[in-house]
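> Below: one structure in structure tokens.
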Amino acid sequence: MDAVEFERISYPADAGESAHIREAVRTWLDSSKVPDDVSHGMVLAVSEAIDNVVAHAYPEGAAVTGPATIDLTMVLDESDVVVTVADHGLWTEPTSTDLEHDATGRPARHGRGIILMNTHVDEVAIRHDRDGTSVLLRARLSPEDA
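Quick look at the structure:
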């Protein structure tokens, strides 16, 4: 690949949009000839990030700095695919209830999203500030780049 491919899309932060967003990411990755294993992992990681926005970024009645959207930026170069999932909502620290564990020691209610993202892509970076949260997901296109 000689050039960088780039796409930016904004969606309403609504659970009903999740499947549509995942399909848009999958279609873009497939049309960009991203290897299947990398594409599948990225779609799963993006799905977790989207679910977090829908569940946590825009609590009812909260004052937020921008529209209740999920902003997706997808970039592909010769070695990596990078997807950023961003919102304009509020970051709240997990409560002890969110972190309850089941009999196996795994989080019982919440808290698996970041673990799952890290399982499916090579890098996860999360930034919170007064303008919202951004989750950067990076996957290398070939194992020797890892």
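The opening position of the sequence shown corresponds to residue 17 in the working numbering, with each subsequent residue numbered one higher. Don't be surprised by glycine CBs; every beta carbon is placed ideally from N, CA and C.
By alpha-carbon positions, which one of Asp52, Arg128, Met58 ends up nearest to Val137?
If we check each option's Cα against that of Val137, Met58 comes out closest.
> Can you tell me which of Val69, Gly105, Ala71 puts its alpha carbon nearest to the alpha carbon of Pro83?
The shortest Cα separation from Pro83 among Val69, Gly105, Ala71 belongs to Gly105.
> If Thr89 sits next to Arg24, beta carbons under 8 Å apart, how far is it from one beta carbon to the other, in whole angstroms?
With 8 Å as the limit, Thr89 and Arg24 qualify as a contact, their Cβ atoms being about 5 Å apart.
> Per the contact definition of three or more C-beta pairs closer than 8 Å, is the region 63-76 in contact with the region 44-55?
No: the two stretches stay apart, fewer than three of their Cβ pairs being nearer than 8 Å.
> Out of Asp93, Thr135, Asp87, point me to the one whose CA is closest to Asp103's CA.
Nearest option by C-alpha distance: Asp87.
> Here's the rule I'm using: 16 or more other beta-carbon atoms within 10 Å means buried, otherwise exposed. How should Glu139 be labelled?
Label assigned to Glu139: exposed.
> Between which two residues does the alpha helix (DSSP H) containing His144 stretch?
Not the alpha helix (DSSP H): His144 falls in the beta strand (DSSP E), residues 139-145.
> Helix, strand or coil, according to DSSP, for Asp103 in the structure here?
In this structure, Asp103 counts as coil in the three-state DSSP scheme.
> Out of Thr135, Leu157, Arg156, Ile130, which has the shortest C-alpha to C-alpha gap to Ser150?
Comparing Cα positions, the closest option is Ile130.
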